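Asks:
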Amino acid sequence: MKISKKKCVGCANCVPVCPMNAIFIGPDNLAEVDREACVECHTCFRGLSFEHLPGGLVRWARRALKMVRLRFQPDPDLCPTEALEPEKLEWPRIVRSAFSDPMVTHESTGIHGRGTAEAKTNDVTGRVGTGEAGFVVEFGRPGIGVIFRDVEKATRALAVEGVVFEPENPVTSLMTNAGEGSIREDILDEKILSCIVEFKTRMEDVPRILDAVKAVSGTLNTVVSIGVSTRCDEDGSDPLHALLMEQGYDTWRAKVNMGMGRRSNIASGGKGRRV
Ligand code: SF4
Ligand code: SF4
1 MKISKKKCVG CANCVPVCPM NAIFIGPDNL AEVDREACVE CHTCFRGLSF EHLPGGLVRW
61 ARRALKMVRL RFQPDPDLCP TEALEPEKLE WPRIVRSAFS DPMVTHESTG IHGRGTAEAK
121 TNDVTGRVGT GEAGFVVEFG RPGIGVIFRD VEKATRALAV EGVVFEPENP VTSLMTNAGE
181 GSIREDILDE KILSCIVEFK TRMEDVPRIL DAVKAVSGTL NTVVSIGVST RCDEDGSDPL
241 HALLMEQGYD TWRAKVNMGM GRRSNIASGG KGRRV
């Protein structure tokens, strides 16, 4: 995102709208975007309405009114001069937008935003089988974000533990070697709002993997959240809940899929498609 110096009048309405605190009022009293902090989420552009007043005239009026102790301040949800200018993003910066702007469809999954349908569709996809646990590990949040170098630190540590990364996941699609958890070099300095790493393990490996995530998260400059899922037994119980309690985690059954989905191509040996 860029802010036109010609158009901006320094009203600061855009400053609180940015979830990354990337917009600030510079020494010239006009708004600027910190390009390293900006994750190209376009929240500022979508969150404000625009008027098309001439920047020079509004700046002059603001100065003149200030001299007589009056103030021209546009409504707080408004950029009076349409000074915010989204850029045409090139690789690798475009990765920021793919993981931070919920309106952008990720090329690798065809889904808006940073994740896949994750564990929510396991009854259809059958990704996580009996005796397995599916993990969704989220790196970053609005306000802090995450750089891919930190994500890679975690994926490398998890690869050492032998996890199998979900192939249809945006982060996996950016790996150069999923067995090692290595992510392409040219995006490692890109900052994003957040991303979700998905993988599965054997049930008995869950405590070891949780320990590994905990250990690596202490070395990262971001926040990490973990979700773990499994299949229920025929009577609706599951071994994961008790296992997590044993490890000292307070657990909640956050979501139970009732098997409303239907796999339509089991006979052909396919992975199933949604119907
Ligand atoms: S809202 Fe528009 S005019 Fe006001 S500081 Fe931001 S970019 Fe400048
Ligand atoms: S695009 Fe997003 S991160 Fe960048 S300045 Fe706008 S709101 Fe902030």
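At position 201 of the sequence shown (counting the first as 1) the number is 201 in my numbering, and the numbers step up by one without a gap. For every residue, glycine included, the Cβ atom is placed at its ideal position computed from N, Cα and C. Computed from a prediction, not measured in an experiment: that's the story for all the values here.
Give the DSSP-derived three-state secondary structure of LEU70 in the structure shown.
Replies: Residue state, collapsed to three classes: coil.
Asks: Could you spell out where the beta strand (DSSP E) holding MET175 opens and where it closes?
Replies: Looking at the DSSP string, the run of the beta strand (DSSP E) that includes MET175 is 175 to 177.
Asks: Here's the rule I'm using: 16 or more other beta-carbon atoms within 10 Å means buried, otherwise exposed. How should GLY131 be labelled?
Replies: Exposed, by the Cβ-count rule.
Asks: Any heavy atom of ligand 2 within a distance shorter than 7 Å of the CB on VAL17?
Replies: At least one heavy atom of ligand 2 is nearer than 7 Å to the Cβ of VAL17, so yes.
Asks: Any idea if ASN169 is buried or exposed, counting beta-carbon neighbours within 10 angstroms, 16 or more meaning buried?
Replies: Buried is the call here.
Asks: Pick helix, strand or coil for LEU57, following the three-state DSSP scheme.
Replies: Helix, per DSSP.
Asks: Taking C-alpha atoms, which residue in PHE148, LYS5, GLY140, PHE199 lies nearest to LEU158?
Replies: Per the Cα distances, PHE199.
Asks: Look at the alpha carbon of CYS195 and the alpha carbon of PHE148, and state the distance between them as a whole number of angstroms.
Replies: Cα to Cα, CYS195 sits roughly 9 Å from PHE148.
Asks: Taking the alpha-carbon positions, what's the ALA154 to ALA215 distance?
Replies: If I take the Cα positions, the gap works out to 9 Å.
Asks: Beta-carbon within less than 7 Å of PRO86's beta-carbon, same chain only, minus the 5 sequence neighbours each way: which residues are those?
Replies: Only MET1, HIS42, PHE45 meet the Cβ criterion.
Asks: What I want to know is whether the C-beta of THR43 ends up closer than 7 Å to one or more non-hydrogen atoms of ligand 2.
Replies: Correct: THR43 has its Cβ closer than 7 Å to ligand 2.
Asks: If you draw a straight line from the C-alpha of SER97 to the C-alpha of GLU32, how long is it?
Replies: Spanning the two alpha carbons is a distance of roughly 19 Å.
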